[in-house]
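The sequence shown begins at 60 in the working numbering and counts up by one. See below for the structure under consideration.
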Amino acid sequence: MELVKKGPETFTERFKMMQRQLNLLLQERDELEKSIKLVKRKIAYYEEAIKSGNTPVFYVCEKE
């Protein structure tokens, strides 16, 4: 027999819980979409730089 974590008892409580979960997921999706757009812009920038032959060298400096 499995033990199940007890949740909200009424449909109203469960409904509110599901709404909160949906809102959190929608916020997470919005943040991911923003990140995806940023990465796509960076990719387009690098593609254009490569096509034009303008490929700078990036140096990483270590802190002492």
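Glycine included, each C-beta is placed from N, C-alpha and C at the ideal position.
Endpoints, the alpha helix (DSSP H) within which residue i is located
i, result
"Glu87", "70-111"
Neighbourhood of residue i by C-beta, 7 Å cutoff - its chain only, sequence neighbours within 5 removed
i, result
"Ala108", "Thr114"
"Gln86", "none"
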